[in-house]
Amino acid sequence: MTPEQQTPIEVLLAEDNPGDVKLTEKAFERGNVINNLNVVNDGVEAMSYLRQEGEYEDSPRPDLILLDLNMPRMDGKEVLAEIKEDPDLKRIPVVILTSSEAEEDIINSYDLHANAYLTKPVDFDGFLEVVNTIEDFWLTVVKVPPE
Amino acid sequence: MDQHEVDEQTGPASEGRPARDRRLEAVFEATGTFIGVLDPYGTILRVNKVAREFAAVEPSTYVGGPFWEGPWFEHDDALQERIRAAIERAGEGEDVEFEATQISPDGEQIDIDGTVSPVTDEDGRVESLVAQGIDVTEQRRREERLAAQRERMNTLLNNAPVVLFALDPDGEFTYSRGNALDKLGLEPGEAVGQSVFEMFAEAPDVIDAVERALEGERVETQAQQGDLYFHTVYQPVFDDRGELEQVIGISRDVTELRERERELEAWTDRLQTVLDNVPLALWTADTDGMIEMSQGQGLAGIGVEPGELEGQNMFEVFAGQEAFLSDFEAATAGEEHTAVHDIGPVIARTWYRPIVRDGAVEKVIGVSIDITDEKRQERRIEAVNEATSELIAAESQRAVADIVMTLATELLDMPLSGIYATDDGSDDLVPVAATDRVQTMMDAETPTEALPNVTPGSVEMETFRTGSARVVEDYATLENSEMPDSPLGTLVIVPLGEYGQLHVGTPEVSVPTEAELNIIEILARNAEAALERAEREAELEAYRAELEQSNERLQEFAHIASHDLQEPLRMVSSYVDLLAVEYGDELDDEADEYIDFAVGGANRMQSMIEDLLQYSRVSTDADEFETVDAAAVVEETIQSLEFAIDDADATVDVEPLPTVEADRDQLGQVIQNLVSNALSHAGESPTVTVRATEADDHYRFEVADDGPGIPENQRERIFKLFQQGSRDGDGGTGIGLAVCDRIVSRHGGDIWIESEEGVGATFCFTIPKRGETEDRLAAVAGGDAR
């Protein structure tokens, strides 16, 4: 992480709970990485954003997708499945962020080729830790294949 | 002594007489009769040859002496006297006869008929006497024999159980003898001289027979005389000219004979009646298999008339019936036995009885009984019993009913059958199944349509109420029936306890046999048991469904708990946290403390939710039971608790543990919860011991500590959800032990606490042994026993 690399990374957060959106924004604010956190509130919007449809025509392609499983209209699993089936999108890392600890959800998500699965912690410190982990792991350690 | 000399001595006395005298002399000498010539006073003048020979002494010794003193009469004084008297009377001119018994010179006794006859001169004076003696011994003997014979004959005739009679051509008795006369009230000979026509005027049979016999015909009759029956033969006898001379006859009393004959006849009749009607086949055959007798209705079973097989050979008649014939041969070898054979269309049980005469089997008597029905019944019962297992396995009322319908059709040949069940919504019995024939006949698509309900007031319903079976011989005549216009003939109605009713019917009126009724009864009882079982099964199924539903609700709850409840909770704790992080500097200590309480409460609620989830997952996330090495499970658990153990400065002792059938993860959970519990509650530096003992049907695990123990009144409720022991304060949720309770219950075991306050607490739980475990242990034990 050098000052030369000040290009902010683009993160798409698909999350319907404003509380979680806020926490995530706060966590990323306090993080070490310069980022643009783009938020959509359900799966349909997420797909529009990714396909740069309608109001998202000029939206940047995200470097990382944080996906909540429980969302109205189109849930995280469906979004994940569409992303992974779309040759243009499938290389974007997807981290499932959820409050569910159900084993079934975890297994389903990995079956759909989620890149990571993280349970939302109860307190803010925990949340911050999660975001830091994401930043470290996905934005600095893992070499994402070029576009 | 020489007789000829005597002759010669007498001879000269006659010399010089005329020729006539010589001839007389010759006759006198030659005659076989004893002759003596005496003077009128009995002095012996001369005797002939026979007399001389008989005397056996010299004539000179007696000639010139009195005749009665002659040698012929020696030693018999009485005879001498009788002869003297005879001579005296003869001397007076009378012919005198006498008898004498003499002993001959040969020593034989001879009977003599003697005469003394006077010979008179011209003047009628007795000139001389001639004594003669004739040997009549032979004649006497013959006479005696005849007399004896006659006597015997008379005795016989008088005593013979017959009547002998003779009739002259006029029908008059000339003879009648015989013991049987008594029976006619007649003396022997009494009828002689009487006319048969008069004596037997009242007996037309006799008169008729006599008339015919008198015309020359031999007649045999059997006629009644009073209470008696006489068999009579009339035999005409003809003289040389062919004229009827007489009719002789013999009558015999045949009353008794006749009675015996009649008895025999009656007995024979009865025997024949028995033979004709007995439902057996009775036969005898010699050792070559020749059938001497074959009688009895039982023969009809193999299509044979009584007597038809007589004269035929077993081995030809029953060719192909190897078992039957070989059992017959065994009997000809002397074995008395009984055997069952399939003979053509019938199944027969035959008793073979060899008849032994003079040490060898002469013939075999066989009695065969048709046991086809018995066997058919046996087979039916077998079939019903076989079907029973099917019935018992049937899972629904409908399945039970269908099986019973099949049996009613196949086994009983009662094709118009149905099953009714009680109805929850009404007082009716509703049809649940019917035989195909019922459906076809009623042109219905389902049994429910084919049959009407059994409604209150009908005979069918009455029968159901009484609870006992009823046989309706002719359904058409039944009043108040449910199906007055049905084609039913005979119907058997059998209530099935409280479950419903079985109807078994035929289109024609045919009263079922006792055997069939038995089968129906058995079938009904089995059906009843099966329905009872099916009902229980259905209830169980409903209960199971309910349980599943409640499980689903529990899972739903778990989901809500895991996600929906945690969401707001997370908001609370996160933002209280964020509040602290972002505005911590601006708040006072009291505000910080509030924030701590809020965060603590949220955290505590979080762990309760997690524990609650764990509790619900005891059944939702359960694994199959498997063979688990408890020692390994405990070891892993202890390892995972390493930090907690260190923190508590505890010692954990693990004694040898068995292998059990259990859910591995859940067994680990129980151990972990109990050990954790001990670490939390057993005070400073506790020692925790994990051990197990084996009982007959279970293993008993113990997790013991040396802490302060648990008061008696808390030992029960400590296992309830959210109930904590009084000794804590460590922030446990009170769910751990409830989870243990639930897991142990799921394994079919018990959990409880044994504790002495101040000494420690022991948590005990049992895991029942399972068949497989026992088997495996037995195998291991066997393998170890080298």
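Order-wise, the sequence lines are chains A and B. Oh and the first sequence: position 84 is 848 in the working numbering, straight run, nothing missing. Oh and the second sequence: position 647 is 1036 in the working numbering, straight run, nothing missing. Glycine included, C-beta positions come from ideal geometry on N, C-alpha and C.
- Per the coordinates, the alpha-carbon of V667(B) lies some 29 Å from the alpha-carbon of E771(B).
- Residues of chain A with a Cβ closer than 8 Å to the Cβ of V1007(B) do not exist; the shortest Cβ-Cβ separation is about 15 Å.
- In the DSSP annotation of this structure, the continuous segment of the beta strand (DSSP E) that includes P625(B) starts and ends at L617 to F627.
- Under the three-state reduction of DSSP, E751(B) is assigned to strand.
- Separation of the CB atoms of P901(B) and T879(B) is rounded to 7 Å, and the pair is thereby assigned contact status at 8 Å.
- Separation of the CB atoms of M682(B) and W672(B) is rounded to 6 Å, and the pair is thereby assigned contact status at 8 Å.
- Secondary structure note for D675(B): it is in no alpha helix (DSSP H), and the uninterrupted beta strand (DSSP E) holding it is L669 to D675.
- Per the Cβ contact rule, the stretch 984–1001 of chain B is not in contact with the stretch 1028–1048 of chain B (fewer than 3 Cβ pairs under 8 Å).
- Within the DSSP bridge table, the entry for E486(B) names T504(B) as partners.
- Where P820(B) is concerned, the enclosing beta strand (DSSP E) starts and stops at L818 to A823.
- In terms of beta-carbon proximity, F888(A) lines the interface with chain B, with at least one pair separated by less than 8 Å.
- Sequence-distant partners of A1071(B) (beyond 5 residues in either direction) whose C-beta falls short of 6 Å from its own C-beta, in its chain, are D1094 and G1096.
- Counting along the chain, the unbroken beta strand (DSSP E) around R738(B) starts and ends at V735 to R746.
- The beta-carbon distance between T1078(B) and G1057(B), rounded to whole angstroms, is 18 Å. This is too long to meet the 8 Å contact definition.
- Inter-residue distance for S873(A) and A880(A) is about 9 Å (C-alpha atoms, whole angstroms).
- Bounds of the alpha helix (DSSP H) holding H1070(B) are R1053 to H1070.
- V508(B) counts as exposed, since fewer than 16 other beta carbons sit within 10 angstroms of its beta carbon.
- Taken atom to atom, the span from the alpha-carbon of R1104(B) to that of D1010(B) is near 28 Å.
- At a C-beta separation below 7 Å, M997(B) has no neighbours in chain A, since its nearest C-beta there lies roughly 13 Å away.
- Against chain B, the CB of K841(A) has no partner CB under 8 Å away; the residue lies outside that interface.
- In the displayed model, H1087(B) falls within a strand according to three-state DSSP.
- What M960(B) touches in chain A, judged by beta-carbon distance under 7 Å, is G783, going in chain order.
- Within the stretch 774–804 of chain B, no residue has a Cβ lying closer than 8 Å to any Cβ of chain A.
- Closer than 8 Å to the CB of L967(B) there is at least one CB belonging to chain A.
- Taking the beta carbon of K884(A) as reference, the chain B residues within 7 Å of it are R959, listed in sequence order.
- Here P558(B) is exposed: its Cβ has fewer than 16 other Cβ atoms, across all protein chains shown, within 10 Å.
- Nearest to L891(B) by C-alpha distance, out of A737(B), E871(B) and E917(B), is E917(B).
- In this model, L833(A) and E971(B) are separated by some 29 Å (Cα to Cα).
- Going by DSSP, L413(B) is part of the alpha helix (DSSP H) stretching over A408 to A419.
- Only V988, A991, N992 and Q995 from the stretch 980–996 of chain B bring a Cβ to less than 7 Å from some Cβ of chain A.
- From the listed residues V1092(B), V1133(B), H1136(B) and L1126(B), the smallest Cα separation to E1143(B) is found for V1092(B).
- D716(B) and Y741(B) do touch by the CB rule: their CB atoms are close to 6 Å apart, below 8 Å.
- In terms of beta-carbon proximity, V1128(B) stays away from the interface with chain A, with every pair separated by 8 Å or more.
- Between S963(B) and chain A, the shortest Cβ-Cβ separation is below 8 Å.
- The C-beta distance from L831(A) to L844(A) rounds to 6 Å, short enough to fall under 8 Å.
- Within chain A, the residues whose beta carbon sits less than 9 Å from that of V970(B) are K790, R794, F888, D889 and L892, listed in sequence order.
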